[in-house]
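> Structure in structure tokens, see below.
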């Protein structure tokens, strides 16, 4: 394992924090629109496009620059650690609400478009949240290399 279990969680947490800061401080301004009646609102389509672009950037940078030398097995185990963290802290955020939920959202922002898209399709918060907690970290397994004993 070469003590690589922490790489996917650390990368995703740092990438999430950067994405959150970019969205809130700079890129979110692109999603603000003035409606015909003069009121100001956020365009959800623009916000979804922004999240998709950030997701692609995070996956591309992580896959090609950080995880390329890791094996599929190492990436799978490392992504599984992130899945466990997502589930545990997601349930804690649900129970505690308040600021902890905001911090959890800030540290899981890199894949937020998946839960947004799933919510629009299913209209079920729990289905979209659970799928978004479990599936996205495993996308990095695709960028790994085969181990010498894998066939």
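Residue numbers (the working numbering): 6 to 156.
Even for Gly, the Cβ is constructed at its ideal location relative to N, Cα and C.
Note that the structure is a prediction, hence the values are computed from the model and not measured.
1) Which same chain residues, not among the five before or five after residue 117, have their C-beta less than 6 Å away from its C-beta?
2) Between residue 156 and residue 25, what straight-line distance do the alpha-carbon atoms span, to the nearest angstrom?
3) If we count the other Cβ atoms within 10 Å of its Cβ and call it buried at 16 or more, is residue 129 buried or exposed?
4) Determine, using beta-carbon pairs with one atom in the segment 58–72 and one in the segment 108–117, whether at least three such pairs fall under 8 Å.
5) Nearest to residue 92 by alpha carbon, out of 79, 110 and 75?
6) Taking the continuous alpha helix (DSSP H) assigned at residue 63, which residues delimit it?
Put simply:
1) Contacts found: 56.
2) Its pLDDT being 47, under 50, residue 156 is placed unreliably by the model, and the measurement read from it follows with that caveat. Distance between the alpha carbons of residue 156 and residue 25 is about 40 Å.
3) exposed
4) yes
5) 110
6) 49–66
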